[in-house]
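K.L.:
This note's numbering numbers the first residue of the sequence shown as 312 and each following residue consecutively.
All C-beta atoms in this analysis are idealised placements derived from N, C-alpha and C, irrespective of residue type, glycine included.
Because the structure is a prediction, the values reported are computed rather than measured.
Take this structure, written in structure tokens, and hold onto it; I'll ask about it next.
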Amino acid sequence: MTRSNVNLESTESALVALKAFFSIMTQWRVSEEEQRILLGNPTNEVFETWKCGEATSLEKDVFMRISYVIGIYKNLMTLFPKQNQANEWLHKPNKAFDGSTALGLMLLGQTVHLREVRRYLDAQL
């Protein structure tokens, strides 16, 4: 399935995207509060629904955010030989982000910050 033929309005797409997101968050040791920020600050009720795997659809912005997270994860797994190294990279200060961590930049909450981390990693490949 290519990006062009993914139905962003389908329940199946929403559930697959959220399952991937929450799996990555567990590996990265990201708190629920931070997860909410990365997802665009949904209400507590919506967030809990998503965590329980009961989503029926997602807005385009949420899909975009999850897409960036998955891309970041994929790039880290390519760049680092061990999964724990890939997972730790997000939590280490980085000169490319003015001494902040990649996760710290992503937690500024705007989609552009997720994109910036993704593009940085794309350039490292």
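(1) According to DSSP, is T354 helix, strand or coil?
(2) At which residues does the alpha helix (DSSP H) containing K371 begin and terminate?
(3) For T412, name the three-state secondary structure that DSSP assigns.
(4) Are E320 and S368 touching if we call contact CB-CB under 8 Å?
(5) Going by CA-CA distance only, name the one from L401, L326 and W361 that's closest to Y384.
(6) Please report the straight-line C-alpha distance between L418 and L387, rounded to a whole angstrom.
(7) Measuring only the C-alpha atoms, how far is G351 from M375?
(8) Which residues in the same chain as L416 place their Cβ atom closer than 8 Å to its Cβ, once the five residues preceding and following it in sequence are excluded?
P.N.:
So, from the data block:
(1) In the structure shown, T354 sits in coil (DSSP, three-state: anything other than H, G, I, E or B).
(2) It spans K371 to L390 - the alpha helix (DSSP H) in which K371 sits, taken as one unbroken run.
(3) Reduced to three states, the DSSP call for T412 is strand.
(4) In contact: E320 and S368 (Cβ atoms closer than 8 Å).
(5) Minimum Cα distance to Y384 is reached at L401.
(6) Cα to Cα, the separation comes out at about 18 Å.
(7) Cα-Cα distance, rounded: 10 Å.
(8) Hits under 8 Å: F408, H424, E427 and V428.
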